[in-house]
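Inspection log for the structure reproduced underneath, given as structure tokens.
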Amino acid sequence: MKHTTKKLIFIIVFICTIMPSFAEDFALLNKDKPLSIYIDKNETSVVQTSKDIFISDATLVSEVKADLQDANGLFSVVAGTIGTNKFIDELVSRKLISVDKLRGQWEAFQIQIVTYQNRKILVVAGSDSRGTAYGILELSRLIGVSPWVWWADVLPKKKDSITIPDDYYTLQQPSVQYRGIFLNDEDWGLMPWSSKNYEQTDRKGQIGPKTYARIFELLLRLRANTLWPAMHESTIPFYFVDGNKEMADKYGIVLGTSHCEPLMRNGAGEWDNKKYGEYNYLTNKETINNYWGERLAEAGRFENFYTIGMRGVHDGHMEGVKTLDEQTSVLQDVINNQRKLLTRYVGKDASLIPQAFIPYKEVLSVYENGLKLPEDVTLVWCDDNYGYLTRLSNKEEQNRKGGGGIYYHVSYWGRPHDYLWLSTTQPSLIYYQMKNAWDHNVRKLWILNVGDIKPAEYDMEFFLDMAWNINSVNDNSVYSHMQKWMERNFGSGLSTELSSVMREYYRLANIRRPEFMGWSRVEEYSAIKGGKTPTTDTQFNPFMFGDEIQRRISDYDNISNKVSQLEREVPERLKDAYFQLIAYPVYASAEMNKKLLYAQKTRLFANHNLPVANEYSQWSKNAYNNIAALTYTYNRDISKMKWDGMMDMKPRKLAVFEQASLPEKISSDNSDKVAVWFENEDQPALSGKPVSLTTLVKDEQDSTFIALFQQGNKPVKWSFDNKPEWLNIKEINTGLFAEKRLILSIDWNNLNNNISGSFSLSVNGDQYPISLSALINNESNVESNRMIALDATESSLTSKQSRVIEGLGHSLKAVTVPVGEAHQIEYTIHTTSTGDAIIRTCLIPNHPIEGKDLRFAIAVDNEKPQIVSLATEFRSEPWKINVLRNQAVKETMHRFDKPGKHTIRIYALDEGVVLDQIMVDFDKSRAFYQVPVK
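Using mature numbering (1 follows the signal peptide of the UniProt record, and there is no 0), the letters of the sequence shown correspond one by one to residues -23 to -1, 1 to 911.
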């Protein structure tokens, strides 16, 4: 298959718009000449719809309306389906084009330029109707129209003309047969926005055909073909709104339903106990079968992908069953009867009708308990709601006629905590998981839970790009994909820096999502009434590793400042798009972190009666107000209020979204008292008591800090006595009145040997004796601060079968670990301490996708390897901790009998072990959150 990359396309378009057209170029658009296009009237509605979209796009770019022609006209563009468009069939018969690679293919298209009767014609030929539609909308991409032209206001640049090379050719077809999205948890965005703003209605909770038309158009532009409609109790069911299902047909969209909605029914909104009785197949089988049959009679004439099986209403367990065996037996009866209903109402044998069985949550246990599933049914595997696939097809299942599918989340409501506000799933995680699915022959159906669509624009397109062309991304090109996306939407001049900003945005969120920064939980019913726990202090330690809290805030400040600077270079037509796709998620994430982290510092310093708590308290309040202002801008100030109601800064009104818990104001006296707090300590120091600072190691830990907190109203005066010449002291600006910070670092240029020194810090007359050592590092991976931290790529020996996944994990370069001792990965370290140490092995928290366990072995030097499992039970406490931090941290104890060189050896015993970071720590009780790799 020959593919022309987007980058090449846009280079071509750019060059052609600034250079004069030569004879060999084909003029696709020209402001002085209407676009002349021919599409046969016999083509299906999806082709006609795509034609209308493209014509609108062409007018948007060139301001010249299209001239529609018939088969005898002098058109310059023809688009049609082979076997339907007679002109294209004539070109084939005259051997002006070849469609051998299209025939019999699913949704394929090709675009090329031919000479016909002494004129050039651009030909879009599709293998079927949707293939033709995708081909037509490929022309929209060629003229510079983003798929997000409406959904994110990415308005194209006006052009006088667009030409493409005379030899331009592309042939494309999907890698995954059915590709689409699930609209879910729409209560706070999509539904209120639609019913109260975009498609105003008196019917509470309605999402109507005008809104769905926009959604279906977006899917077509993204080369998707399937939708699971919104289905919460707050929303009127899809089939209860006139025009919805007809609109899906107009856009050629295949309808399906989620894992808990069999046979196109929406149990949450449609099942009425007063009308139907209990949703219990043991006691109410006939009524339930009739209920399903009613919908099939209505929907069976449309193109659908039917979910079979049964759970409880909405997302609960099957009603009435008491044991796993009983549930298996009942579910077997359900599926057998559903197949009969499908044959009866759809009008063909059930084996010819697309069906999905989704072993989600407890249904997986039922499937593995001996459920007999027909071979033609697609097995749709699920992630754990947080992006980690729980199961994939084994070798036997890979050969099923119905193939395999994926239901994947980038938005979720549920335990241990929702993430419905911002879209922060690492694109590299999507890549790794979906490529793994593809490699296990899971290629029939891919569905992405996108919540409200916004603000999941990039993750959504990334997922669907992979579904369309599995080779569009590889281990080393995740960043390249993002940069091309930025280039298409914001231009080449901004793409590099914007990509860098968003890579950091995803890195920081992968370490901890904004919604998880309150360290709170939902559905913790055993812990608290209502199950929603309050926010608490984070595990980021302000006096460890250079101040983990300030380091995180500074990282967010860096990208926020960059976003602000780059905005000045954004064209006016793209300002609203920039706010939606870049500014809001970056700024809002930063402010959420500030709100909660500054509140943590407030509480900490208030406990020590330090007035600086008042300043941090105000900063926390400011951050909350900034989020409110940003959200107001999203809803009311941009795009002429087009998105009013779409962005909610408090979905479900969880504790993490409220103003942070803050103590009462701390009063100060007229004294000159100062609290002196050294890094690595858990409280201020006592005057006169000697302090031994951590050894500073060249190229490892180059500095440490001392914080000075004013307790009274008089200013802080500090000085050092007997300061060594090789010691540098610098006061940095904290932006605070009551806190000063001193940074101590080594002038390595003036040192030839390891050295120790003693000196004294004087603060408003109080003395603090200090000792400090400096170690010149002649090796790599040397201990500092009694620990060594490494990224997985810092190995001394790596198996050739290992893969480095660009952008994955906290390190952004996680490493796959092949199975077997022969493929072990080794790390050479150098310690200065002896005794017992913890090795914290940090891994991507995958699940055993084949088999029952996910294990690795670890050893130091020649010791016997320790076998460690990172498999977790779904919704167990270890699983919750893992998904909240996007890391599985496995601790093992090891003995270091002597200082010096040591070797850590790691190998996998099961498929799916992916190593992120390693930390060797002689301080076994150290309180911190983030592995401090530079």
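Yeah, the Cβ is synthetic: ideal placement off N, Cα and C, and Gly gets one too.
Using a C-beta cut-off of 8 Å, the segment 875 to 885 makes contact with the segment 799 to 807, since at least three inter-stretch Cβ pairs fall below that distance. Taking C-alpha positions only, GLY468 is separated from GLU474 by approximately 11 Å. When DSSP states are grouped into helix, strand and coil, SER761 belongs to the strand group.
As computed with DSSP, CYS819 is found in a beta bridge with VAL866 and GLN894.
Separation of VAL69 and ILE230 (C-alpha to C-alpha, rounded to the nearest whole angstrom) is 29 Å.
Assignment of GLY428 by DSSP, reduced to helix, strand and coil, places it in the strand class. Segment contact: the segment 379 to 392 against the segment 540 to 549, fewer than three CB-CB distances shorter than 8 Å; contact not assigned. As summarised for the segment 35 to 79, the continuous beta strand (DSSP E) elements at least 3 residues long and confined to that stretch are 44 to 46 and 54 to 58, given in chain order. DSSP, reduced to helix, strand and coil, places HIS871 within a strand of the structure shown.
Closest in C-alpha terms to VAL354, from the list LYS78, SER476, ALA766 and ALA333, comes ALA333.
Ranked by Cα distance from ALA85, the first of GLN150, TRP248 and GLY689 is GLN150. Excluding its 5 nearest sequence neighbours in each direction, ALA583 has C-beta neighbours in its own chain below 6 Å: ALA590, PRO640 and ILE643, listed in chain order. Two segments are said to touch when three or more pairs of C-beta atoms, one from each, lie closer than 8 Å; by this definition the segment 773 to 791 does not touch the segment 734 to 746. Of the candidates THR92, PRO661, ASP326 and LEU204, THR92 places its Cα closest to the Cα of VAL54. By the Cβ rule, the segment 335 to 346 counts as touching the segment 356 to 363, because three or more pairs are nearer than 8 Å.
If only uninterrupted beta strand (DSSP E) runs of at least 3 residues are considered, none is enclosed by the segment 473 to 528. In the DSSP assignment, GLU783 falls within the beta strand (DSSP E) that extends over 781 to 783. PRO822 places its beta carbon less than 8 Å from that of VAL860. CA-CA distance, ALA207 to GLY689, rounds to 58 Å. Per DSSP, reduced to three states, the secondary structure at ARG156 is strand. In this model, SER748 and THR681 are separated by some 13 Å (Cα to Cα). For the 8 Å CB-CB criterion, VAL131 and LEU551 form a contact. C-alpha of THR284 to C-alpha of TYR228: approximately 21 Å in a straight line. Non-local C-beta neighbours of THR36 in its own chain, meaning closer than 6 Å and more than five positions away in sequence, comprise LYS42, ordered along the chain. Secondary structure note for ASP743: it is in no alpha helix (DSSP H), and the uninterrupted beta strand (DSSP E) holding it is 743 to 752.
For PRO876 and SER810, the gap between their C-alpha atoms comes out near 6 Å. Per the C-alpha coordinates, the member of SER597, SER594, ASN599 and TYR533 positioned closest to ALA567 is TYR533. Going by DSSP, ALA190 is part of the alpha helix (DSSP H) stretching over 186 to 198.
Residue range 651 to 655 is occupied by the beta strand (DSSP E) that includes PHE655. In terms of Cβ geometry, LYS173 and GLY889 do not form a close pair [threshold 8 Å].
Counting along the chain, ASN281 sits inside the beta strand (DSSP E) bounded by residues 281 to 285.
For TYR408, the three-state secondary structure derived from DSSP is helix.
When DSSP reads this structure, LEU397 sits in no beta bridge, so it has no partner. For the options ARG528, ALA554 and TYR564, the alpha carbon positioned closest to that of SER537 is the one of TYR564.
Judged by pairs of C-beta atoms under 8 Å, the segment 595 to 604 does not touch the segment 357 to 377, as fewer than three such pairs exist. Bridge partners of ASP698 according to DSSP: SER737.
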